[in-house]
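Here is the structure we will look at.
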Amino acid sequence: MIIQVLGSGCPTCEKLFKLTKQAVEELKLDTEVEYVTDVRKIVAMGLMQSPVLAIDGKPALVGFVPDVKKVKETIIKNIP
Amino acid sequence: MFAPLQALADWLTYGVFRIAPQTLLASAVNFFIFDTTKIFVLLAVIIFAVSLIRSFLPAEKVRKILARKRVYVGNILASLLGIVTPFCSCSAIPLFLGFVEAGVPLGVTFSFLVASPMINEVALVMLLGLFGWSIALIYIGSGLVIAVVSGIAIGKLKPEKLVEPFVFEHTLSASYEGVTMTWRDRRQYALRYTADILKKVWLYVLIGVGVGAWIHGYVPMDFLARYAGPGKWYAVPLAVLIGIPLYSNAAGVIPLVSALTEKGVAMGTTLAFMMSVTALSLPEFMILKKVMKPKLILIFAGIVGIGIIFIGYLFNAIL
């Protein structure tokens, strides 16, 4: 699975990136978290808010930074 | 409504700190405790409520509503939606691109870009807590008028050629219907958002109200009327200029101007200053440079600035 955090590089986006890395580590998943700062990628997904947590190219969390528990839940829900 | 907070302030000032009543110090300390507690209570309650509403109205939904609207109705709607939508300068670019790609007219997009930061919940809470209902409503009303009119004006100028060409390359491929949120998610989102804002502004509130309390207690009444009273024509444009670089400090600036108003600064000048602090922001202009030519940013700032100055003069004349 591909896990991406998309954002414009603002502090909020970086926070989500850190949380997601932490979640992946705690879940012991064998995948890297990619940090995308090209805003056009966000727009192409049909979105207008940052940050975005995308799993396999689909937006899973949009526009806010949740806690680590929610990030983990979201990842688990989207494991194929 | 705030009687318990006044009682708390009285008890702390006279009972705990044992400051003699009727002294300047007592009045300043009492004012400080009452105002800060009142503002924190208002901030917590109102921001929580606004962010709950907001969780039902993500920007993608707003865009869907605006995409089918033309000028006038579109401008009014965009300005109204701008009130409840969050605006963080880090979302300015995706918002702008997303609106334009979905076919929202540029003028309508600008109405949204003006209203969204100008009428924000922090500024509203500060106005409500320090100036009362009527000034808060005047602020919302004038803000809406400025957003609608400047959006229409910019639209009439046909600014398409002043926008970076890549904005019109259609990259929009997916349509996004929103992640389904449960009530637990919404509550969590609202709580987190409220905590984030409080964390960001508490120090500014304390400093702003602190300096305000000092001015309230120690600066003579009408001290500033000579320099910034209603009769001084230069006060309004000067206030707008000073407001431009002060964006992130709206929480600290409003308690200060509230104290200055009491000392003789005219109400219209104060309103113009606060609008300039929230609506015209240097960091936002820098970010917008990625998608539009500097000339368009100047036009945008110019039109909004003139609107704010007009509002300032208007309320100096009638309040």
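Protein chains in written order, with our numbering: chain A, 6 to 85; chain B, 1175 to 1493.
Think of the CB as a built atom: it goes at the ideal place given N, C-alpha and C, for glycine as much as any other residue.
For the options A:Ile84, A:Val41, A:Lys23 and A:Val48, the alpha carbon positioned closest to that of Phe1342 (chain B) is the one of A:Val48. Counting of Cβ neighbours within 10 angstroms places Phe1340 (chain B) among the exposed residues, the total staying below 16. In the structure shown, Met1466 (chain B) falls within a strand segment according to DSSP collapsed to helix, strand and coil.
Of all residues in the segment 15 to 37 of chain A, the ones placed with a Cβ closer than 9 angstroms to any Cβ belonging to chain B are Cys15, Pro16, Thr17 and Cys18, in chain order. The residues Val67 and Gly68, in chain order, have a CB closer than 6 angstroms to that of Gln54 (chain A) in the same chain once the five nearest residues on each side in sequence are set aside. For a cut-off of 8 angstroms, the C-beta gap from Leu1430 (chain B) to Gly1386 (chain B) is around 6 angstroms, short enough to register as a contact. Taking 7 angstroms as the Cβ-Cβ cut-off, the segment 41 to 61 of chain A approaches chain B at Val44, Arg45, Ile47, Val48, Ala49, Met50, Gly51, Leu52, Met53, Gln54 and Ser55, given in chain order. Residue-level contact by beta carbon fails for Pro1429 (chain B) and chain A, as no gap is shorter than 8 angstroms. Chain A places no beta carbon closer than 8 angstroms to that of Ser1324 (chain B), leaving this residue out of the contacts. Contact check for Leu11 (chain A) and Lys46 (chain A): beta-carbon distance about 6 angstroms, within the 8 angstroms limit, so the pair qualifies. Beta-bridge partners of Tyr40 (chain A) (DSSP): A:Val10. DSSP lists no bridge partner for Pro1457 (chain B).
With distances taken between CA atoms, Thr25 (chain A) lies nearest to A:Lys75 out of A:Lys75, A:Pro85 and A:Ile84. Annotation: Pro85 (chain A) has no Cβ neighbours in chain B at a cutoff of 9 angstroms; minimum Cβ distance is about 18 angstroms.
For Pro1232 (chain B), the nearest CB of chain A lies under 8 angstroms from its own CB, placing it at the interface with that chain.
Here DSSP, grouped into helix, strand and coil, assigns Ala1194 (chain B) to coil. In summary, Phe1489 (chain B) is buried, with 16 or more beta-carbon neighbours lying within 10 Å of its beta-carbon over all protein chains present. Apart from sequence neighbours up to five positions away, the residues of its chain that approach Leu1420 (chain B) with a beta-carbon distance below 6 angstroms are Val1427 and Val1451, ordered along the chain.
Contact of Ser1290 (chain B) with chain A by beta-carbon distance below 7 angstroms is absent, the smallest such distance being about 12 angstroms. For Pro64 (chain A), no alpha helix (DSSP H) encloses it; the enclosing beta strand (DSSP E) starts and ends at Lys63 to Val67. Judged by their CB atoms, Lys1467 (chain B) and Leu1269 (chain B) are not nearer to each other than the 8 angstroms cut-off.
Contacts with chain A at 8 angstroms (Cβ-Cβ) include Tyr1363 (chain B). Counting other Cβ atoms within 10 Å of its Cβ, Val73 (chain A) stays below 16 and is therefore classed as exposed.
In terms of Cβ geometry, Leu1240 (chain B) and Ala1252 (chain B) form a close pair [threshold 8 angstroms]. Residues Val1288, Pro1291, Met1292, Gly1317, Ile1320, Val1478 and Ile1482 of the same chain have their beta carbon placed closer than 8 angstroms to that of Ala1453 (chain B), with the five preceding and five following residues left out of the count. With a threshold of 16 other beta carbon atoms within 10 Å, Asp1209 (chain B) meets it and is buried. Counting of Cβ neighbours within 10 angstroms places Tyr1408 (chain B) among the exposed residues, the total staying below 16. Between Met1441 (chain B) and the set B:Ala1310, B:Gln1362 and B:Ala1218, the nearest pair of CA atoms involves B:Ala1310. A check of alpha carbon separations from Lys23 (chain A) across A:Gly62, A:Met50, A:Glu39 and A:Ile60 identifies A:Glu39 as the nearest.
Counted as a single uninterrupted DSSP element, the stretch harbouring Leu32 (chain A) is not any beta strand (DSSP E), since DSSP gives it neither H nor E. In the three-state reduction of the DSSP assignment, Ala1440 (chain B) falls in the coil class, being assigned neither a helical nor a strand state. Shown here for Phe1230 (chain B): not one same chain residue has a beta carbon closer than 6 angstroms to its own, the five before and five after excluded. A residue is called buried once 16 or more other Cβ atoms fall within 10 Å of its Cβ, and Tyr1367 (chain B) is buried on that count. Where Val1385 (chain B) is concerned, the enclosing alpha helix (DSSP H) starts and stops at Trp1357 to Tyr1392. Taking C-beta separations shorter than 7 angstroms and ignoring five residues to either side along the sequence, the partners of Pro1195 (chain B) in its chain run Tyr1188, following chain order.
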